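Here is the structure we will look at.
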Amino acid sequence: MFEDIPVDSDLLIEVVNRSPMIAALREGAKDRRELEQSLGISKSTAHRNTSSLAERGLVERRDGEYSLTELGEAVAEVVARFEEDMRTTVRLAPLFEAVSGIQPPCPIDAFSDATVTTVDRGDPFGPLARFVSLVQGTESLRMFDSYAIAPTYMDEIHGRILDGLETKVVERPDVAADVMENYPKKCVELCASEFLTMRIHDNLPFGLIIFDSHIGIGLRDPDTGAPRAFIDTDEPEGRAWAKTLFELYWTNAIQLPRFNPKSLKEALESRS
């Protein structure tokens, strides 16, 4: 058996510091001038970097061009994977915070290729638009804490529900009351529908929605309560986790026989 050999910390620092040059040479051999131009560095910096990498056995020079050695190629692959993993980690930072301590534990790996839509890119309606695009392609919906996903979801799915979109919703009492107040006519219509079932729950950790092929997580801004991100994936492991989590909250929620203020009041009183 091979014994574990500690990695030279100086080599790790060298690889991190020279990663742009390693990435550039991973694309193919280049002479010093090409490296200077592609990396935007001076002649002296290019010389210092190539010399340092060559001393480590990562770079070699042939016919005036620098290229990665076999060891350099292997290291370049590691660097590329690391950078991709870091990008994924940064993209999913809001998710880590939201699912911390949640049971069953969230399979973070299932979100490695997730679509992350935030309001930080200058489009405050980006998360809502992503939600709407997925609603259009599904024949069933299960969700809780809809406000974290799409505050105006009633406008987006009202017609679909009346047309037969099977929908289960778990809402916080205040959100359910707000929907009933702002959409009274639509709520009356939905009361007569067989396709919407609603329950209420006081403690919902984030927004969760399950489509036919995707699952999505909606996150609120901790200060304003407004939606700030929508993260969705079609990975089977993620869907299995979301279904289990939804059923846990659905089972522990209080049934609303009808989607109206009277029914909500009676449900809240029944908890006392």
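The numbering used here applies: residue 25 is where the sequence shown begins, and numbers increase by one.
Even glycine gets a Cβ: it sits at the ideal position worked out from N, Cα and C.
This structure is a prediction, so every number in the text was calculated from the model and none was measured.
Where the beta strand (DSSP E) through residue i begins and ends
{"i": "R244", "result": "I239 to R244"}
{"i": "D256", "result": "P251 to T257"}
{"i": "F168", "result": "S164 to F168"}
Collapsed DSSP secondary structure at residue i in the structure displayed
{"i": "F283", "result": "coil"}
{"i": "Y90", "result": "strand"}
{"i": "L119", "result": "helix"}
{"i": "R223", "result": "strand"}
{"i": "T268", "result": "helix"}
{"i": "I65", "result": "coil"}
{"i": "E190", "result": "strand"}
{"i": "I234", "result": "strand"}
{"i": "I278", "result": "strand"}
{"i": "F26", "result": "Below a pLDDT of 50, predicted positions are generally treated as unreliable, and F26, at 45, falls in that range; no measurement from the model is reported."}
{"i": "T176", "result": "coil"}
Residue i versus the options, residue with shortest Cα-Cα distance
{"i": "T257", "options": "P246, D245 and S237", "result": "S237"}
{"i": "E213", "options": "T141, I185 and S33", "result": "I185"}
{"i": "R50", "options": "K67, T69 and L92", "result": "L92"}
{"i": "F283", "options": "L165, M178 and I255", "result": "M178"}
{"i": "A200", "options": "I278, P260 and R105", "result": "I278"}
{"i": "P148", "options": "R85, P175 and S76", "result": "P175"}
{"i": "T5", "options": "A122, Y273 and G240", "result": "What the structure shows of the chain is the stretch from 25 to 296, and residue 5 is not part of that stretch, so it cannot be assessed."}
CB contact check: residue i to chain C, cutoff 7 Å
{"i": "T248", "result": "The structure shown contains no chain C; it is built from a single protein chain."}
Under 7 Å between C-beta atoms of residue i and residue j
{"i": "V103", "j": "I46", "result": "yes"}
{"i": "A172", "j": "F120", "result": "no"}
{"i": "E195", "j": "V156", "result": "no"}
{"i": "R252", "j": "V143", "result": "yes"}
{"i": "R166", "j": "V140", "result": "no"}
{"i": "A53", "j": "E60", "result": "no"}
{"i": "A134", "j": "E261", "result": "yes"}
{"i": "L288", "j": "F235", "result": "no"}
{"i": "Y90", "j": "T74", "result": "yes"}
Start-to-end residues for the alpha helix (DSSP H) that takes in residue i
{"i": "D147", "result": "It is not in any alpha helix (DSSP H) - D147 carries neither H nor E in the DSSP assignment."}
{"i": "K210", "result": "P208 to C215"}
{"i": "R50", "result": "S43 to R50"}
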